[in-house]
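So for the sequence shown, our numbering puts the first residue at 70; every next one is plus one.
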Amino acid sequence: MRKKLSRTKRLLEKYKNGRLDKLGGLSNKTIKDFIAIIKSSLKSAIKEDLIHNVSLDFIYPKSNSKEKTYTLEKQEQDKLTEYILQNQSIKTMGILLTLYSGIRIGELCALKWEDIDFKNSVLHINKTLQRVYIKDTKTKTSKIIITNPKTHNAEREIPLNKEFA
Numbered sequence: 070m071r072k073k074l075s076r077t078k079r080l081l082e083k084y085k086n087g088r089l090d091k092l093g094g095l096s097n098k099t100i101k102d103f104i105a106i107i108k109s110s111l112k113s114a115i116k117e118d119l120i121h122n123v124s125l126d127f128i129y130p131k132s133n134s135k136e137k138t139y140t141l142e143k144q145e146q147d148k149l150t151e152y153i154l155q156n157q158s159i160k161t162m163g164i165l166l167t168l169y170s171g172i173r174i175g176e177l178c179a180l181k182w183e184d185i186d187f188k189n190s191v192l193h194i195n196k197t198l199q200r201v202y203i204k205d206t207k208t209k210t211s212k213i214i215i216t217n218p219k220t221h222n223a224e225r226e227i228p229l230n231k232e233f234a
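The structure is reproduced here in structure tokens:
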């Protein structure tokens with residue numbers, strides 16, 4: 070029980086004061102990612118018979134923030150659409166696609182032409198792109214990974230407006 074409490078206390082301390090710039094704590098998602106990595110590592114060690122009898126119970130931080138998500142007013146959306154149509158590029162068309170379909174940026178970046186069914190005006194979302202940072206003593210690099218969405222419900226088909234497709 071002592072080890073479990075100690076791990077939990079350390080994670081909660083990171084949650085409150087874990088930022089490298091010392092300006093606060095880490096986000097709920099970062100802490101949950103830490104926990105997922107720790108659990109996965111411990112399960113692998115147990116499976117390989119390197120350790121025994123480890124409790125995998127962790128206390129997840131509860132979100133107490135009630136940040137309001139900013140959404141565009143209809144006039145702002147129309148103005149943005151008009152600007153994009155007058156200044157078409159790959160980037161602006163990606164913005165337009167996310168604006169009218171609701172897909173996430175990682176889903177947009179992972180799209181391939183075969184994911185767009187122009188005949189039936191459907192967008193198939195079945196993967197996501199992530200940039201993973203690799204910390205090295207000499208350089209800071211990153212690599213791009215395309216994976217399945219985090220949940221089964223994130224795989225979906227989005228009907229597109231006939232004028233858009």
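The C-beta atom is built at its ideal place from N, Cα and C for all residues, glycine as well.
Query	Result
DSSP three-state assignment for isoleucine 106, whether helix, strand or coil	helix
Expected contact under 8 Å - CB spacing of isoleucine 159 and glutamate 176 to nearest Å	Going by Cβ atoms, the distance from isoleucine 159 to glutamate 176 rounds to 16 Å, so no, they are not a contact pair.
Cβ-based burial, alanine 105 [other Cβ within 10 Å; buried from 16]	exposed
Exposed unless 16 or more other CB atoms sit within 10 angstroms - verdict on isoleucine 203	exposed
Through-space distance from lysine 196 to isoleucine 164, alpha-carbon basis	18 Å
Beta-bridge pairing of serine 54 - partner residues as DSSP gives them	Here the chain covers residues 70 to 234 and nothing more, so residue 54 does not appear.
Rounded separation between leucine 95 and asparagine 86 - CA only	7 Å
CB contact check: leucine 141 to chain C, cutoff 8 Å	Within the model displayed, chain C is absent; a lone protein chain is all it includes.
Bridge partner(s) assigned by DSSP for proline 228	Val191
Contact between the stretch 145 to 162 and the stretch 171 to 189 (3+ Cβ pairs under 8 Å)	no
Enclosing alpha helix (DSSP H) for glutamate 176 [first to last residue]	174 to 179
Nonlocal neighbours in the same chain, by C-beta distance under 6 Å from glutamate 224, ignoring five residues either side	Asn195, Pro218
Boundaries of the alpha helix (DSSP H) in which glutamate 145 is found, first to last residue	143 to 155
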